[in-house]
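So the structure is just underneath, and the comments pick up after that.
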Amino acid sequence: MFAKSALTYAPQPLPDRAGYSDAEMQDKAAEFLTHMQRRHTVRDFTDQPVDREIIELCIKTAGSAPSGANHQPWHFVAIANPALKQQIRDAAEEEERRFYAGGAGDEWIKALEPIGTDADKPHLTTAPWLIVVFAQRWGEFVDGSRYKNYYVPESVNIATGFLLAALHSAGLCSLTHTPNPMKFLNAALGRPASEKPTMIIAVGHPSSDATVPGVAKLKKPLAEISTVLE
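Going by this note's numbering, the first residue of the sequence shown is number 1344, and it counts up by one from there.
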């Protein structure tokens, strides 16, 4: 991370101010809502290549997210290597077969029926990129001494949201995948014990016959997801 000597409180003037009028803010909020409503999770990808630079820019956006004590307790592994993707798919499908064979429980399997998922995960090898998100339980200063990270799940979740929004803004589709357990990813990707894999994100272009489950378009109305107290 950083040298301990660099971690001192040094307030600086806010470098960026939007300065929008109320009308401009409303327009921009509405525009972003429309933009994000066009984001769809897909399971049908093409193998059309995506430039590494695009993926790195999206990960850089994720890295700009706020985090507990600014420790940035995340690491993103972007994978285009076909052999690695196949290794991840094989391990993930093995876990998924146990999941669908009874490991998940009847209620969970029933909840997934409208989504149309099963143990087969071809997107893990077809999509040109996989991005594996790791949460760092602790970090190390440049001198090798260890420090504790704070609000790790919250911080990593915010950064992952930034990443999904950035990928969508770049014109890409994504699919979040969380095989359980995911410890095999540490060994497969050479990540240390201090890191816990939280998600695999398949990234690429949707196939010409890509579909989305009808229930995925059913979103709770504003009144059910928010309370306004004025």
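Where a beta carbon is used, it is the ideal one built from N, C-alpha and C, also for glycine.
Following the DSSP letters along the chain, one finds Met1542 inside the beta strand (DSSP E) bounded by residues Glu1538 to Gly1547. A distance of 8 Å or more separates the beta carbons of Val1546 and Trp1451. Per the coordinates, the alpha-carbon of Ser1537 lies some 10 Å from the alpha-carbon of Glu1483. A distance of 8 Å or more separates the beta carbons of Ala1508 and Ile1474.
Under DSSP, Leu1357 forms no beta bridge with any residue. Looking at the backbone, the Cα of Gln1415 and that of Arg1489 are separated by about 14 Å.
A contact is defined here as three or more CB-CB pairs under 8 Å, and the region 1385 to 1392 fails this definition with respect to the region 1403 to 1418. As the crow flies, the alpha-carbon of Tyr1494 is around 11 Å from that of Ile1501. Here Pro1524 is actually not in contact with Glu1439; their C-beta atoms are around 12 Å apart, not less than 8 Å. Per the DSSP secondary-structure output, Leu1473 pairs in a beta bridge with Ile1422 and Ala1545. Taking 8 Å as the cut-off, the beta carbon of Leu1510 is found closer than this to the beta carbon of Cys1401. When Val1558, Glu1573 and Gln1369 are compared, the shortest CA-CA separation from Ala1454 is found for Val1558.
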